Amino acid sequence: MVDDGLRVDQKMMVVVISVCAKLEDLRLGQKLHEYVWSYKLNFDMFLGNALMDMYLKCGEPDVSLS
Numbered sequence: 004m005v006d007d008g009l010r011v012d013q014k015m016m017v018v019v020i021s022v023c024a025k026l027e028d029l030r031l032g033q034k035l036h037e038y039v040w041s042y043k044l045n046f047d048m049f050l051g052n053a054l055m056d057m058y059l060k061c062g063e064p065d066v067s068l069s
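Take 4 as the starting number for the sequence shown in the working numbering and just add one per residue.
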């Protein structure tokens, strides 16, 4: 996304992380989580819930609670 010149913001990340949850793609979800922290995106309730949902659906309940 970034390589293509797209401006990635918190709202876009909520959508993309939600797709990872539906696909149960833990590896991509973890990369997106790292991106959120690396680029200090605005972390709000919606982004937190999307990450928690993704980790739960990918079978990582312990990570979702931390």
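C-beta: ideal position from N, C-alpha, C; glycine also.
From a predicted model like this one, the values you see are computed outputs, not experimental measurements.
Tell me which same chain residues have a C-beta within less than 8 angstroms of the C-beta of VAL66, skipping the five on either side of it?
Numbered from 1 along the sequence shown, position 63 holds the residue referred to as residue 66. Excluding residues within five positions, the ones whose Cβ falls inside 8 angstroms are TYR58.
Touching or not, the region 38-45 and the region 21-30, by the rule of three or more beta carbon pairs under 8 angstroms?
Because the criterion of three Cβ pairs below 8 angstroms is not met, the region 38-45 and the region 21-30 do not touch.
Using CA atoms only, rank isn't needed, just tell me which of LYS60, GLY62, LEU50, ASP56 is closest to MET16.
Numbered from 1 along the sequence shown, position 13 holds the residue referred to as residue 16. Closest option to MET16, Cα to Cα, is LEU50.
Whole angstroms are fine: how far does the CA of MET55 sit from the CA of CYS23?
Here residue 23 is taken as the residue at index 20 of the sequence shown, counted from 1. Here residue 55 is taken as the residue at index 52 of the sequence shown, counted from 1. Computed Cα separation, rounded: 12 angstroms.
Going by Cα to Cα distance, which pick from LEU35, LEU9, VAL11 is closest to SER21?
Walking along the sequence shown from the start, residue 21 turns up at place 18. Nearest C-alpha to SER21: LEU35.
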